[in-house]
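Presented below is the structure to which this report refers.
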Amino acid sequence: MTCKDAEKLIPLFLDDDLDNRDLSDFLSHMENCAECKEELTIQFLVKVGMKRLEDGNTFNLKRELDGLLSEAGRRLKVRRSLVLFSYVLEGCVVVLAATAFVLNLFL
Ligand SMILES: [Zn+2]
602 MTCKDAEKLI PLFLDDDLDN RDLSDFLSHM ENCAECKEEL TIQFLVKVGM KRLEDGNTFN
662 LKRELDGLLS EAGRRLKVRR SLVLFSYVLE GCVVVLAATA FVLNLFL
């Protein structure tokens with residue numbers, strides 16, 4: 602992923618609107634690219650900071666952003682294992698259907 606791509610995805614990331622592949626590329630780009638991380642931090646501060654000010658809450662945005670990033674990584678893993686699980690399930694259904702079909706032939 603190029604920096605240009607990553608920058609385009611920042612608003613989507615902040616709205617939690619990325620699919621697994623984009624999210625995965627995005628997160629690894631953020632880990633390795635200080636410039637884009639900086640840009641993400643700024644956009645995060647603007648987006649979330651404004652809201653916090655409106656709410657009148659105290660906040661630690663740096664910590665929140667770190668939390669958001671590691672949370673996104675965790676969710677990505679969960680979502681991936683769900684996808685894997687659905688493949689396994691699909692496989693089981695196919696096997697069951699085939700078994701039922703064969704049994705029908707012989708019974
Ligand atoms: Zn970059």
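Number 620 in my numbering belongs to position 19 of the sequence shown; there are no gaps in the numbering. Note that CB positions come from ideal geometry on N, CA and C, so glycine has one too. On a predicted model such as this, the values are computed, not experimentally measured, just so you know.
Is DSSP giving residue i helix, strand or coil here?
i: Asn-633; result: helix
i: Asn-661; result: coil
i: Met-651; result: helix
i: Thr-603; result: coil
i: Asp-626; result: helix
i: Asp-667; result: helix
Use the C-beta contact count for residue i: other C-beta atoms within 10 angstroms, 16 or more gives buried, fewer gives exposed.
i: Phe-614; result: buried
i: Phe-627; result: buried
i: Asn-706; result: Reading the sequence as shown, one finds Leu at residue 706 and not Asn. The residue in question, Leu-706, is exposed, as its Cβ has fewer than 16 Cβ neighbours within 10 Å.
Grab me the residues of residue i's own chain with a C-beta within less than 7 Å of its C-beta, minus the 5 sequence neighbours each way, in chain order.
i: Asp-623; result: Leu-610
To which residues of the same chain is residue i closer than 6 Å at the C-beta, ignoring the five residues directly before and after it?
i: Arg-680; result: Asn-621
Please go through the same chain and pick out, in chain order, the residues whose beta-carbon is closer than 8 Å to the beta-carbon of residue i, but skip the five residues on each side of it.
i: Leu-677; result: Asn-621, Leu-624, Ser-625, Leu-628
Mind the definition here: the stretch 660 to 674 touches the stretch 626 to 646 only if three or more C-beta pairs lie below 8 Å; say whether that holds. Result yes; three or more Cβ-Cβ pairs closer than 8 Å.
In chain order, what are the residues with a CB under 7 Å from some non-hydrogen atom of ligand 1? Those residues are Cys-604, Ala-607, His-630, Cys-634, Glu-636, Cys-637, given in chain order.
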